[in-house]
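**Q** Dropping the structure in here first, questions after.
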Amino acid sequence: MKPANYPQQPSHLWEHFYQFTQIPRPSKQETAVRQYLLDLADKSGHRCQMDTEGNLVIYVPGSSGKEASPTVIIQNHLDMVTVKTTDREHNFETDPLTLQVCDGWLGADRTTLGADNGVGCAAAIALMTDPEVVHPPLELLFTVDEETGLGGALNLDASMLTGTLMLNLDTEDWHELYIGCAGGAGWQFSRSFSQEQVAREAECWQLTIRGLAGGHSGIQIHEQLGSAIKLLGEGLRGAPGLQLASIDVGVAHNVIPREGTATFVCDAGAGAALKQQLEALRERAVGYLPAADSELEMELVATRVDASLDEVDSMRLLDLIAAFPHGAQAYNLEQPADLVDISINLAILRLEQGELYLESSYRFFNEDQSLPLQHSVLALARAFDLEVTPDVGYPGWQPDFTSPLLEQGCVLHEKMFGHRPAVKAIHAGLECGILKSKKPDVDILSFGPTIRGAHSPTERLQIDTVEPFWQFLKQLLAEI
1 MKPANYPQQP
11 SHLWEHFYQF
21 TQIPRPSKQE
31 TAVRQYLLDL
41 ADKSGHRCQM
51 DTEGNLVIYV
61 PGSSGKEASP
71 TVIIQNHLDM
81 VTVKTTDREH
91 NFETDPLTLQ
101 VCDGWLGADR
111 TTLGADNGVG
121 CAAAIALMTD
131 PEVVHPPLEL
141 LFTVDEETGL
151 GGALNLDASM
161 LTGTLMLNLD
171 TEDWHELYIG
181 CAGGAGWQFS
191 RSFSQEQVAR
201 EAECWQLTIR
211 GLAGGHSGIQ
221 IHEQLGSAIK
231 LLGEGLRGAP
241 GLQLASIDVG
251 VAHNVIPREG
261 TATFVCDAGA
271 GAALKQQLEA
281 LRERAVGYLP
291 AADSELEMEL
301 VATRVDASLD
311 EVDSMRLLDL
321 IAAFPHGAQA
331 YNLEQPADLV
341 DISINLAILR
351 LEQGELYLES
361 SYRFFNEDQS
371 LPLQHSVLAL
381 ARAFDLEVTP
391 DVGYPGWQPD
401 FTSPLLEQGC
411 VLHEKMFGHR
421 PAVKAIHAGL
431 ECGILKSKKP
441 DVDILSFGPT
451 IRGAHSPTER
461 LQIDTVEPFW
471 QFLKQLLAEI
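UniProt numbering puts the first residue of the sequence shown at 1, with every later residue one more than the last.
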């Protein structure tokens with residue numbers, strides 16, 4: 001149900017975004033939301049084309065007087081990250097989101113909102129449905145499966161596109177224009193451990209970590225947000241006679257892990273001391289973690305365990321967690337201090353019935369600069385006898401400060417808002433790099449309204465940035 005105080009203007013954009021929040025759209029399950037777009041295009045009489053991957057292009061002729069203007073590609077992705085808090089009952093495959101407006105922000109009830117990239121999609125559709133918009137010929141490109149590895153863009157049939165100008169609406173800071181993004185890749189690791197029966201006199205426990213903020217592993221990696229995997233490994237290290245039974249932490253390669261559990265056994269009588277150690281660790285961690293992680297909890301409760309790793313393999317696994325790199329690895333020497341050049345996210349760790357699975361992704365602007373990090377991780381994999389499956393990588397988008405589209409955007413921004421925008425590159429995997437590699441002649445500019453907490457249950461959209469974003473988009477198209 002739409003909140004009573006749901007934003008009203010611009011009406012077309014906000015209505016389309018609301019519909020997006022009511023249609024489930026996890027990665028690889030974009031059929032329903034794509035049908036929504038197809039129905040709108042059919043109603044408007046616009047031609048559509050879809051490739052074998054499921055990427056969709058809607059062709060919108062130029063408005064009166066703009067028919068012969070250069071064609072502009074408007075690019076967004078259909079899928080959203082699906083993360084919720086443990087106390088929230090929500091099925092992202094079937095349930096609509098429950099929206100909330102609070103203190104000028106639009107969010108969802110303990111789930112991701114999907115403003116990344118739903119608000120950009122809504123703006124693109126509004127260009128088609130709002131008769132007052134003056135625009136050149138448009139190719140509205142909606143890609144699929146962005147959040148789980150940019151699969152839609154990687155497999156896009158670029159022959160569907162003719163435009164040589166492109167506006168990507170997938171960045172998250174208003175009054176900033178983006179002209180570059182990081183590339184990335186990653187790995188999946190696995191190995192098998194033998195298990196043994198748990199001694200009758202041993203204590204069995206479950207450790208739960210919750211309350212961390214989590215977030216986007218690209219644009220928030222410099223914030224030094226707490227990692228549930230790292231803290232879990234640190235918390236278990238002091239348990240005498242530790243034997244790990246199971247671990248379940250993390251949800252996706254591009255999400256900083258915010259909560260998880262581990263079950264284990266330890267020496268009889270060790271539980272009370274371990275609880276004190278965990279409380280001391282929590283107090284230390286809150287002392288150095290950012291304020292967003294101040295709700296960190298570490299809960300230890302008795303459980304039942306039948307089989308576990310032995311002590312040697314358990315400590316070996318904790319050593320792997322401690323040694324595995326995580327976070328920002330290098331900062332840009334020319335851009336502002338918060339622009340990360342290289343980062344890595346230790347994203348997922350699972351241990352079940354002796355089977356270990358680990359997933360990690362890394363980002364870079366210059367892939368050559370990331371080679372030492374890659375070599376370090378692969379050396380760890382060899383040292384810990386891990387099988388390695390590389391994930392498909394994607395190229396970065398190298399900044400072009402001489403872009404005519406950039407200059408046009410800067411001049412217009414200053415005219416409309418009284419100051420030039422910040423021009424930046426982003427340490428996240430926008431699809432722009434992939435699309436540029438497929439269409440080298442395209443001139444790209446990226447911008448969007450302000451979003452905070454992307455890829456986490458605190459994701460929220462700053463309402464008063466949407467109207468100026470929309471006006472800027474409309475005027476830029478009117479002047480092309």
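Beta carbons: idealized from backbone N, C-alpha and C, even for Gly. Note that the structure is predicted; figures quoted are calculated from it, not measured.
Below 8 Å on the Cβ atoms is my guess for valine 101 versus asparagine 5; work out the distance and round it to an integer in Å.
**A** Walking along the sequence shown from the start, residue 101 turns up at place 101. Walking along the sequence shown from the start, residue 5 turns up at place 5. The Cβ separation is near 5 Å, so the contact holds.
**Q** For methionine 50, which residues does DSSP report across the bridge?
**A** Counting from 1 along the sequence shown, the entry for residue 50 is found at position 50. In the DSSP output, where bridge partners are listed per residue, methionine 50 has Leu56.
**Q** Which of helix, strand or coil does DSSP assign to glutamine 9?
**A** The residue given as residue 9 occupies position 9 in the sequence shown. Reduced to three states, the DSSP call for glutamine 9 is coil.
**Q** May I have the straight-line CA-CA distance separating isoleucine 229 from glycine 214, to the nearest angstrom?
**A** In the sequence shown, the residue the question calls residue 229 occupies position 229. In the sequence shown, the residue the question calls residue 214 occupies position 214. If I take the Cα positions, the gap works out to 11 Å.
**Q** Is leucine 461 helix, strand or coil by DSSP?
**A** Here residue 461 refers to the residue found at position 461 of the sequence shown. Note: leucine 461 maps to strand in three-state DSSP.
**Q** Three or more beta-carbon pairs under 8 Å between the stretch 377 to 393 and the stretch 261 to 272, yes or no?
**A** Not touching, per the Cβ criterion.
**Q** Alanine 185 to isoleucine 73, Cα distance in whole Å?
**A** Here residue 185 corresponds to residue number 185 of the sequence shown, with the count starting at 1. Here residue 73 corresponds to residue number 73 of the sequence shown, with the count starting at 1. Taking the straight line from one Cα to the other gives about 26 Å.
**Q** Is it the case that the stretch 57 to 76 contacts the stretch 128 to 135, given that we only count it when at least three CB pairs across the two stretches are under 8 Å?
**A** Flag = yes, the stretch 128 to 135 and the stretch 57 to 76 touch.
**Q** Using the C-alpha atoms, what's the distance from aspartate 248 back to leucine 296?
**A** Taking the sequence shown and counting its residues from 1, one reaches residue 296 at position 296. Taking the sequence shown and counting its residues from 1, one reaches residue 248 at position 248. Near 17 Å, if we compare the C-alpha coordinates of aspartate 248 and leucine 296.
**Q** Smallest Cα separation from glutamine 462: which of Ala153, Thr389, Gln220, Leu113?
**A** Taking the first residue of the sequence shown as 1, we reach residue 462 at position 462. Answer by Cα proximity: Leu113.
**Q** Compare the beta carbon distance of glutamine 243 and aspartate 310 with 8 Å and say whether it is the shorter of the two.
**A** Along the sequence shown, read from residue 1 onward, the residue named residue 243 stands at position 243. Along the sequence shown, read from residue 1 onward, the residue named residue 310 stands at position 310. A contact, by the Cβ cut-off of 8 Å.
**Q** Cutting at 8 Å between CB atoms, please list the residues of its own chain near glycine 235, excluding the five before and the five after it.
**A** In the sequence shown, residue 235 corresponds to position 235, counting from 1. Hits under 8 Å: Leu207, Ile209, Gln277, Leu278, Leu281, Met298.
**Q** Going by the beta-carbon positions, is the gap between isoleucine 480 and cysteine 181 smaller than 8 Å?
**A** Here residue 480 refers to the residue found at position 480 of the sequence shown. Here residue 181 refers to the residue found at position 181 of the sequence shown. No, the Cβ-Cβ distance between isoleucine 480 and cysteine 181 is not below 8 Å.
**Q** Under the assumption that leucine 161 contacts isoleucine 434 (Cβ atoms under 8 Å), give the Cβ distance between them as a whole number of angstroms.
**A** In the sequence shown, counting from the first residue as 1, residue 161 sits at position 161. In the sequence shown, counting from the first residue as 1, residue 434 sits at position 434. Incorrect: roughly 13 Å between the Cβ atoms, too far for contact.
**Q** Return the bridge partner residues of phenylalanine 364 from the DSSP annotation.
**A** Against the sequence shown, residue 364 aligns to sequence position 364. Answer by DSSP bridge pairing, in chain order: Gly183, Ile342.
**Q** Which residues share a DSSP beta bridge with isoleucine 444?
**A** Taking the first residue of the sequence shown as position 1, residue 444 is located at position 444. Isoleucine 444 is bridged to Met166.
**Q** Leaving out the 5 sequence neighbours to the left and right, which residues in its chain are closer than 7 Å to glutamate 367 when beta-carbon positions are compared?
**A** The residue given as residue 367 occupies position 367 in the sequence shown. These residues qualify, in order along the chain: Gly183.
**Q** Can you say whether proline 290 is buried or exposed, counting buried as having 16 or more other CB atoms within 10 angstroms of its CB?
**A** Within the sequence shown, residue 290 is the residue found at index 290, counting from 1. Looking at its Cβ environment, which holds fewer than 16 other Cβ atoms inside 10 Å, proline 290 is exposed.
**Q** By the 10 Å Cβ neighbour count, where 16 or more other Cβ atoms means buried, how is glutamine 75 classified, buried or exposed?
**A** As a first step, residue 75 is located in the sequence shown; it is residue number 75 there, counting from the start. Answer is buried; the Cβ neighbour count reaches 16.
**Q** Can you give me the C-alpha to C-alpha distance between aspartate 103 and arginine 460, rounded to a whole angstrom?
**A** Residue 103 sits at position 103 when you count from the first residue of the sequence shown. Residue 460 sits at position 460 when you count from the first residue of the sequence shown. Each residue's Cα considered, the two are about 11 Å apart.
**Q** For glycine 260, does the count of other Cβ atoms within 10 angstroms reach 16, so buried, or fall short, so exposed?
**A** Position 260 of the sequence shown, counted from the start, is the residue given in the question as residue 260. Buried.
**Q** Report all residues from its chain with a CB closer than 6 Å to the CB of alanine 292; omit the five preceding and five following residues, and keep chain order.
**A** Counting from one through the sequence shown, the residue named residue 292 turns up at place 292. Contacts found: Ala213.
**Q** Tell me the start and end of each unbroken alpha helix (DSSP H) in the stretch 234 to 316 that is at least 4 residues and wholly inside, in chain order.
**A** Here the runs fully enclosed are 271 to 288.
**Q** Measure the beta-carbon distance from valine 83 to histidine 455 and round it to whole angstroms, keeping in mind my assumption that it falls under 8 Å.
**A** As a first step, residue 83 must be located in the sequence shown, where it is residue number 83. As a first step, residue 455 must be located in the sequence shown, where it is residue number 455. About 6 Å; that satisfies the 8 Å criterion.
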